[in-house]
Amino acid sequence: MSLNKFIVLSRSVRRGRNLFAARVAQTGEYLYQFQSQRFIRSSSRSLAYAKDLFLGKVNKKEVFPYPEISNEELEELNQFVQPVEKFFNESVDSAKIDREANIPPETLDGLKELGLFGIQIPEEYGGLGLSNTMYARLGEITSLDGSIAVTLAAHQAIGLKGILIAGTDAQKAKYLPKLATGEHIAAFCLTEPGSGSDAASIQLRATLTEDGKHYLLNGTKFWISNGGWADIMTVFARTEVVDKDGQKKDKITAFIVERAFGGVTSGKPEDKLGIRGSNTTEITFEDTKVPIENVIGEVGDGFKVAMNILNNGRFSMGGAGAGVVKKLIELSAEYAGTRKQFNRRLSEFGMIQDKFATMALNVYVMESMAYLTAGMMDRPGLPDCSLEAAMVKVFSSEGTWICVSEALQVLGGLGFTKNYPYERYLRDCRILQIFEGTNEILRMYVALTGMQHAGKILTGKIKEMKKGNLGVVFEILGKKIKDTVQTADFGLTGKDGVVHPSLTESAKMFEQNAACFGSTVEGLLYRYGKTIVDEQLLLKKVADVLINLYAMTAVLSRSSRSISIGLRNHDHEVLLTNTFCKDAHFKNNYMLSQLQRYSPENDDANIKKIAQDVLAKRAYICSHPLERTF
Amino acid sequence: MSASHHLLRLQCVRCVSHFLGTPVRQVILPGRAHLQTPGSQHIYVQLLRPFHRSAVCSTDRQNRTDIEKLVEDETHHKDKTLVTHDDIFDRAAGDSKTKVEFNRVVDVFKSKDIRRRGHVEFIYAALKKMPEFGVECDVTVYNKLLDVFPKEVFVPQNFIQRMFNHYPRQQECGVQVLEQMENYGVMPNIETKVLLVQIFGEKSHPIRKFQRIMYWFPKFKHTNPYPVPHVLPSDPVDLAQFSLTRIAADLDAKITIYQYPSTDITETGEEITRPHIVGIQSPDQRSLLAKHNPCKPVFVEGPYPLWLRQKCVHYYLLRADPIPPEEKVEEEIDPEMICPEQSLFFPQRVELDLKVDMGDDHSFNVDEVEEGAVYAMCMAGQGDQATLSQWISGLQETCPILGQIPTVFRLESGPRELQTSTDDHQRPEQEAETDQIIEDDEEPRHSRGVKQ
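Sequence lines, in order, name chains V and D. Anchor point for the first sequence: position 428 equals 428 in UniProt numbering, and the numbering is continuous, going up by one each time. Anchor point for the second sequence: position 145 equals 145 in UniProt numbering, and the numbering is continuous, going up by one each time.
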C-alpha cells in the first residue's frame, strides 16, 4: 500500500506543473461561469451535441473523433488500476459485506490507502486529481462491489463535489485534505421525507441567528448514503432571501455541515434490497449551528449547486455498469463453456449465444457512451454535458439490469442461489435506475430540456407560419420537399467524412434517424406547444429516441477510432457497432412513427385509460376468470 | 294429437260448456296486442274462471286443508258468483302472506285437477299477487308457477303449428311470467329453461323471451360501478359508514365515529339517548379546511337524502362559500424548481410562446361552475343542532382552525318530514329554518351544543 502512496506522491510532483495547473484554473473559473451561465455563454464552447439533435443538427465536431487521453495519462492510470484491481479481487469479500450489511473497517482502510476517497480532489489538497475519464475507469473496478461503489460515489461524486465545484478556496483548504484521505467521509443531504416535485418539499430550514454569523439548521433528511459515517455533509436547506423587489422568499441554500457542529443525529441504517453494505440513514438536524462561511456558493443558490453536482456526477454510472457486466460475462461464459446439456456445451445453444451477444452489445454501448461523455466533460471550457450524462445514466442503468439478469439466466437455478454472485449483482444494480434522479425524471429532463432548446429557435418560425406568412411557409415547404427528395446527409461519411467507410451503412442509418428526429420534434412543438409537458408518454419516446441516437453516435465514433488506429479486435467492434446501429435504427423508426400525428402504432390513449381505470380503484379490476354472472 | 288438438283448443270453450249443458258465456279470446297492455289480465280473470269440478280433487281426503275447501267452494259456487283466483290467494293466506302460503296455494291448484283447467287465469292471478306475498324476487317461485302449465301439450308437433302461433294464450301467459321476472330483475335459471322447453318446445315465444333475458341480464348484472348490496347493514353505524364512503368517492377519506349510539339513565331517572355520529373527511378536505380564511363562516347544511335501494338515509355537510376570485392566493413556485433545465425534481414547464395547435385541440369547452369547498360529511342519529355541534367539536381535534371559524347551522328538518308527514300540525315547525350563528372564541367547545 505504501507503494501506492509513493506513486501518488511522485506523480503529483511530476504532473503538478502542467496538468494540474490547468485544472485549478478550470475550477476557479467555474464559479464565475456558474453564475453567468444563464446569460452569457462562454464563447469558446457553445456547441452542445444532444441539444442540437433536437434541431435536426449533428455537431460532429463535438463527438468525432472519439476523445482519448495522452499516453502519459494512460500510463499513470494503469498504475492505479492494477493495485485497485488487485485489492478488489483479493481483499474485498463482497458476499460478506452483503450478508452482514457492513463494510469492514480494514476494507475501508485499504480503500483510503489507495486514495480512492479523493480520486477527483486536486493534488494540492491531497487527492489524486484525476480527470473525469480516469474517474470513470476507476469506477469500473470499484463497481465490482456495489456497496463500496455507492459509498465512494456518495462521498466524492456528490458528497464533496459541492465544495469542489462551488466552494471558496478557504473551504477547500479546510475540508478537502481530510476528505481526500478518507479521514472524513462526506454525504450529500438533499432528499427529504416529503420530497416531490415542488419547492415546498424541502422543509429543512436554516435561520440566521441574531448576530448574523451563524445559521441554525432544523429538520430531517432521508435516505442519506453514508449518513451514519459522514463527518462532513453538504446540506440543502430553505433560507429566507430578500429578492430584488424587496419581498421575502424562501430559497434553497447549500451548507457545509460538520458533524462536530452538534445537533446532528443519524437514524438506524435502512435495511435495503441491494447495496446492503452501504450506510443509508436518516439524519436529523436540531439547532445545528453552521457559520455563514460554510455556505456553498451564494445564499439562495443552493438549487443550482445541487443541480450541478448531480448533473456532472451521472456519467460515471456508465463505467460502473460496464465494469459489472464485463465481470459477469467472464463468469457466465466460463460456466457456459463447461456445462454440458444433451451432450452439448451450453455455449453451443443459440439462445445462450443470444444472451452473450446482448451482454457484449450493451457493454460496448455503455462504455462508449460513458467515455465519450467523460471525454467531453474533460475538455477545456464549460461543456454542457448534463443531457449526455443523464442519457448515459438511463441507458446504462437499464442495460446493466438486463445484462445481469441475462447472465443469471445462463446459470439457471444456480444463478438464483447465494452460492454465486449473480443474485447479489442483480439486487445491487437495481438501485441504478432509482438514485441520482430516477430514470423517469431524467427522461423528462432530457426530453424537455431539448424541447425547450429547440422550441426557442423554432418558436419564431412556427409563429410566423401560424400567422400565415407565406414566405416562411414556402421556405419550410421547400425544406420539407428537399428533405424528402434528398436523403439526410450530415457529412459523416464520404469525402471529409468522420466515420470509417466500413461503418457507412450504420452512419447513414444514424443520419436518417437524426434528420427524422429533428422534424418530429418540430412537429411535436407545433402540435402541442407548451402543453407538451403533459404528454409524458410522448416525451418518453422522444427521450428514448435521443438516447438511441446518442448511443449510435458513441459507438460510431469509438469504433471509427478503433479501426483507424488499429486496436486489437476492432473487427469485433465493427460488428457490434453495425449490429447495434441497425437494431437502434429500427427501434427509432418505430418510435418516431409513433410520434407522428394519428399514428396507428401509438397506443398512448389506451395505455392512459388502462392506468386510469386501475388507479381509480387502486386495484386490478378485472373479474376473476372463474367468476360467472348466471 | 297434432291437428285435432289444435282444433279442439280453438273450440274448447264452446265445447266444454256445451258438454256440461251450462249456458254458454260469451268468451272473447282477445288478440295478442290486447294481451300485452298492462293490467289486461284482469279481463281474463273476470271473463274466464274454472267452471267445472275436478275429479282429482277428492282423491286425498286426509290432507284436505281449508284452502282446498276454498278452491272447492269456489268451484261449487261457480254458477252463482263470479269468483276470481285473486280471491283464493287472499282468502287462503289470510293474515300471513308468506312464501310458504303462496307455494301452498300453487300446490293445491296443481293437485286439484290433472288437466289443470284454468291454469292461465290462475297464473295471471298469481303473478299479480306475488309482490303481496313478498315472493316477487324469488326464482323458485316463478319456476313453481311455470310448473303449473301442463307439459308437452303445447309443444308444436309439425311445421305448420310451428309456423303459426301455437296455443297463443298459453304462450303469452308464459311470456308474461318471464316479463315479470325481468321487471323484478330475477335471473331465470336452468330449471326455468327445462320447464319452458317441456311446456312450449324449443322454438316457442317464451323460449325466445328466455333467450333474450339470458342475453341481456348477465351483461347488465355488473354494470353499476357502485353496487349497493341487496341486504344493507342493519346497524345504523355500519350503514352510515357504508353510505359515507359511498358518497365520499375518495379512497383516502377516513371514517371517524365520533359517538356510538347509547342509552344512559341519569340519577334522576331520566333516559338520555345519545345518537350515533359518524363523519368522513379526506386528507384533501382537511388541508383545504386548514387553509380556510377564519373570517368567513363555514356552514353545516343538511339533511340531504341518499337512497340505498328502498332505504333513505340523510347526511350533513360542512361547507364553505366559494372563494371570490379577488381573494384567491396563487401559490408561487420558484421558477427554477420547475423549469426544464433542471433534473432534480420534475420539469413541469417549458418557456414557449406556443399553444396547442388548433387542429390538435381536442378538449371541450366546459363551463365550470365554482362551488364552495365541502370540508367534511357526517351522518347522525338525530339531525338537531346539539348533535351536529358535537360532530364539529370532534372535527376540531384534527382541524384546530375550526375553533376560530364561525359555524352557521343551516338545517332543514328534512328527515322528520318523511316520518311525520301525516301529522299536519307539525308542518309550520318544520318549515322554520334554524339559522343560528355560534361564535365561540373563548367558550369551551362542549358548551356549544347547549347554547342553542
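Each residue gets a CB set at the ideal place from its N, CA and C atoms; glycine is no exception.
Taking 9 Å as the Cβ-Cβ cut-off, the region 126 to 150 of chain V has no residue approaching chain D. The three-state secondary structure of residue 357 of chain D, taken from DSSP, is coil. Residue 354 of chain V has its alpha-carbon roughly 36 Å from the corresponding atom of residue 378 of chain V. Annotation for residue 191 of chain D: 143 place their beta carbon closer than 7 Å to its own, counting only its chain and skipping 5 residues before and after. A contact between stretches requires three or more CB pairs, one per stretch, nearer than 8 Å, and the region 340 to 354 of chain D fails this requirement with the region 203 to 212 of chain D. Across the set V/483, V/518, V/116, the C-alpha of V/116 shows the shortest separation from the C-alpha of residue 151 of chain V. Taking a contact as a CB-CB distance under 8 Å, the pair residue 101 of chain V and residue 277 of chain V counts as one, their CB atoms being some 6 Å apart.
333, 334, 336, 337, 340, 341, 342, 343, 344, 345, 346, 347, 348, 349, 350, 351, 352, 353, 354, 355, 356, 357, 360: these are the residues of the region 327 to 361 of chain D whose beta carbon lies less than 7 Å from some beta carbon of chain V, given in chain order.
For the options D/387, D/320, D/289, the alpha carbon positioned closest to that of residue 370 of chain D is the one of D/320. Of the residues assessed, residue 285 of chain D falls on the buried side of the cut-off, its CB having 16 or more other CB atoms within 10 angstroms. For residue 181 of chain V, there is no enclosing beta strand (DSSP E); the enclosing alpha helix (DSSP H) covers residues 169 to 181.
About 4 Å separates the beta carbons of residue 392 of chain V and residue 318 of chain V, which is inside the 8 Å limit, making them a contact pair. Three or more Cβ pairs drawn from the region 496 to 507 of chain V and the region 571 to 579 of chain V lie within less than 8 Å of each other, which places the two stretches in contact. Proximity of the region 560 to 573 of chain V to the region 529 to 540 of chain V falls short of the contact definition, fewer than three beta-carbon pairs being nearer than 8 Å. Uninterrupted alpha helix (DSSP H) stretches at least 4 residues long and entirely within the region 401 to 441 of chain V occur at 413 to 416, 422 to 430, given in chain order. Within 8 Å of the CB of residue 377 of chain D, no CB atom of chain V is found; the nearest one sits about 20 Å away. Within the region 285 to 338 of chain V, the complete alpha helix (DSSP H) segments of 4 residues or longer fall at 302 to 313, 316 to 338, listed in chain order.
Spanning the alpha carbons of residue 283 of chain V and residue 414 of chain V requires a straight line of approximately 39 Å. At least one CB of chain V lies nearer than 8 Å to the CB of residue 214 of chain D.
Distance from the Cα of residue 269 of chain V is smallest, within the candidate group V/527, V/246, V/401, V/230, for V/230. Exposed is the label assigned to residue 91 of chain V, since fewer than 16 other Cβ atoms lie within 10 Å of its Cβ. The alpha helix (DSSP H) runs lying completely inside the region 111 to 165 of chain D and spanning 4 residues or more are 119 to 133, 139 to 146, 159 to 163, given in chain order. With fewer than 16 other beta carbons inside 10 angstroms of its own, residue 564 of chain V counts as exposed. In summary, the residues of the region 250 to 262 of chain D whose CB is separated from some CB of chain V by less than 9 Å are 251, in the order they occur in the chain. Separation of residue 434 of chain V and residue 316 of chain V (C-alpha to C-alpha, rounded to the nearest whole angstrom) is 15 Å. Residue-level contact check: residue 530 of chain V touches chain D, since one or more beta carbons of chain D fall below 8 Å from its beta carbon. Contacts with chain D at 8 Å (Cβ-Cβ) include residue 449 of chain V. For residue 299 of chain D, the enclosing beta strand (DSSP E) begins and ends at 298 to 308. In the structure shown, the three-state DSSP call for residue 395 of chain V is helix. Counting the other Cβ atoms within 10 Å of the Cβ of residue 223 of chain V gives 16 or more, which makes it buried. In the three-state DSSP reduction, residue 585 of chain V falls in the helix class (H, G or I). When the alpha-carbon of residue 120 of chain V is set against those of V/72, V/179, V/106, V/113, the nearest one is in V/179.
Close to chain D, meaning a Cβ-Cβ distance shorter than 8 Å, are the following residues of the region 410 to 444 of chain V: 437, 441, 442, 444. C-alpha of residue 258 of chain D to C-alpha of residue 241 of chain D: approximately 12 Å in a straight line. Rounded to the nearest whole angstrom, the CA to CA distance from residue 308 of chain V to residue 300 of chain V is 15 Å. A Cβ of chain D is located within less than 8 Å of the beta carbon of residue 386 of chain V.
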